[in-house]
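Residue numbers for the sequence shown follow the numbering used here, beginning at 2 and rising by one.
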Amino acid sequence: MCLWDGINAMPLTLLSQPGNIVLAALLTGIFNLSARNYGLIVSLPFWFNFLQVLITPLLAQKLDARRLCIISAWLHCIGWIMLTVALPFLPRADTSLTFWVFAGGFSIISLSSAINGVAWNGWMQEVVPGRLRGKYFGVRNRLLYVSMIAFLLSVSGLLALMEGSLLAYVALFGAAIIFRIFSVLAQQRMTIGSGRHPVAPQLPWQEQVGYVRADPTLMKFIGFSAMMGFTINLFGPFFPVFMYEQLHITVAKANWILLFGPLGAAASFPAWGRLVDKFGNIPVMVVALALWQLFNLIWVFVNPGNICLLYVVSLTGGLFSAGYGIGVFNLLLKLTPPKARTMGIALFVSLSSLAAAMGPPLGGYLISHAKSRGYDPLLVYHSAFIFAPVFSLLSCLVLRRIREAQASRITDVVGAMRNVRTVASLFGLSFLVNRVFYRTGTKLKRVTSE
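Right under this line is the structure:
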């Protein structure tokens, strides 16, 4: 039931993420929003992730994690319905009406998503045993990304068929809303927990804050996540805009290129989950983050003559960001004190999102300012895309200073990834390696005799 819930929720969850390719095309292509206004709107999820810390712990005193998750999910659906209905009536220009309708709609969507994310994390801490989280969420995330791939394929097909018209976006949003409704109905049928381990009672929020502040490891992890939130999101949401403006790629083709990202993630999630369970979260996160950002430097060299490089950066981005993402989630659940579960997760989301919220508006301002000063737009984007890889690699030094119980050395993870089977499993090719190296019966004898 939990897997069915996630699969149905994925299309609308994808559309709610800041800077996703569909919203980038809608806001900058159909409604012609400037880079500055676009940056402000895509930063809204981060701002509300920050503000939810004032609301979620109070709600958690009256509602358990399951009920809070379900109620916020229904509010998320309502926000998307309102915004989708308003789309045909908006002027297709960067007017104040257009901006404020999008800002208001995404405020409701972002607030409900922020509360829902914290409640869902708390719910999963109750449901999934710690010893199985890496393996379980590896398999679960693979299925979620398979559904994302199916949705993105439908995005490419529909936008190409309807030539990127506004009606195509309305149809996409409508279909995603229907799937989300089925997702919430599935959540309502889920039980609260396994029943074997009683859930630790949640203390008043003032005491929870004290528990969190007294934990130096958790505070260091929150600080690291805040730094990474700003680093990744300063110019990250402008990758799709760069593809449309400077590379002159259609929305359908850009969607096809970026489809290789979730494809790589779907193939590698179970392997990353097993590595996390075996070696710990932090060593896996360091290796995955470093590889992810090294390949992200390819953006600096992309121009209209070598667009094929985008397939490489998309595939490797999905492959290695999956390892980093599953490590962040598992480490958060591992470090959060059980008695301060809601506040610990809420503070993590709030502070890391506050830093991330500052990124897109500042990035949009810097890009617009550089363009207005007469700098070559291609050079402006290339210069901007150097920032995240360089500072992310430096952030690995900070991550290494966070202590995690029973974690292995980074060299152990690197050594494991030299293994043929481990590398093959990251690419979803375990079946091929097993076929080649573990033949049995007459075929093995024939190979040996030859």
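Glycine is no exception: its CB is placed at the ideal position from the N, C-alpha and C atoms.
Given the structure is predicted, the values throughout are model-derived calculations rather than measurements.
**Item:** Cβ neighbours of residue 298 in the same chain (closer than 6 Å, five flanking residues each side left out)
**Value:** 390
Going by other Cβ atoms of all chains shown within 10 Å of its Cβ, with 16 needed for buried, is residue 124 buried or exposed? Result: buried.
Task: Uninterrupted alpha helix (DSSP H) stretches inside the region 263-297 (no shorter than 4 residues) - done: 282-297
Check: Just checking my contact of residue 310 with residue 262 at CB under 8 Å: how many whole Å lie between their CB atoms?
Finding: Incorrect: roughly 14 Å between the Cβ atoms, too far for contact.
### Query
Leaving out the 5 sequence neighbours to the left and right, which residues in its chain are closer than 7 Å to residue 169 when beta-carbon positions are compared?
159, 160, 163
What does a CB cutoff of less than 8 Å around residue 368 pick up in its chain, not counting 5 residues either side in sequence?
36, 236, 239, 381, 382, 385
*What distance in whole Å lies between the Cβ atoms of residue 122 and residue 351, which are believed to be in contact at a cut-off of 8 Å?*
The pair is not a contact, with the Cβ atoms about 13 Å apart (cut-off 8 Å).
* **Between the CA atoms of residue 219 and residue 388 - distance to the nearest angstrom** => 26 Å
On the criterion of 16 or more Cβ atoms from any shown chain inside 10 Å, does residue 79 qualify as buried, or is it exposed? exposed
Open item on the list: Here's a check: name, in chain order, each residue in its chain whose Cβ is nearer than 6 Å to the Cβ of residue 454, leaving out the five neighbours to either side.
Closed with: Look at the range of the chain in this structure, 2 to 451, and you will see that residue 454 is not part of it.
Delimiting residues of the alpha helix (DSSP H) encompassing residue 191:
No alpha helix (DSSP H) holds residue 191; DSSP gives it neither H nor E.
Do residue 359 and residue 270 count as a contact pair if the criterion is CB distance below 8 Å? no
Just verifying my parser: in three-state terms, what is the DSSP assignment at residue 254? helix
Q) With respect to the alpha helix (DSSP H) encompassing residue 82, which residues constitute its N-terminal and C-terminal limits? A) Residue 82: member of the alpha helix (DSSP H) spanning 66-87, first to last residue.
Please name the residue, chosen from 229, 88, 117, that lies closest to residue 66 on a Cα-to-Cα basis. 117
Query raised in the report: Looking only at its own chain, which residues have a Cβ that is under 7 Å from the Cβ of residue 58, when we skip the five neighbours before and after it?
Result: Excluding sequence neighbours, residue 58 sits near 206, 209, 343, 344, 347.
Any chance the region 321-332 sits against the region 268-284, with 3 or more Cβ pairs inside 8 Å? yes
**Q.** Nonlocal neighbours in the same chain, by C-beta distance under 6 Å from residue 323, ignoring five residues either side
**A.** Within the same chain, and ignoring the five residues on either side of residue 323 in sequence, the residues whose Cβ sits closer than 6 Å to its Cβ are 266, 269, 270, 273.
Item to complete: Under the assumption that residue 349 contacts residue 223 (Cβ atoms under 8 Å), give the Cβ distance between them as a whole number of angstroms.
Response: 5 Å
- Query: Does the count of Cβ pairs from the region 25-39 and the region 84-95 closer than 8 Å reach three?
  - Reply: Judged by Cβ distances under 8 Å, the region 25-39 makes contact with the region 84-95, as three or more pairs qualify.
Is it buried or exposed, residue 166, if we count other Cβ atoms within 10 angstroms and call 16 or more buried? exposed
For residue 397 and residue 89, I'd like the C-alpha separation in whole angstroms. 46 Å
Are there 16 or more other CB atoms within 10 angstroms of the CB of residue 304, so buried, or fewer, so exposed? Only exposed fits residue 304, as fewer than 16 other CB atoms lie within 10 angstroms of its CB.
Taking the alpha-carbon positions, what's the residue 56 to residue 374 distance? Taking the straight line from one Cα to the other gives about 43 Å.
Cα-Cα separation, residue 339 to residue 249: 50 Å
Self-check item: C-alpha gap between residue 63 and residue 73, whole angstroms
Solution: 14 Å
> Just reading off the alpha helix (DSSP H) that residue 222 is part of, what are its end residues?
Replying inline: Its alpha helix (DSSP H) spans residues 217-234.
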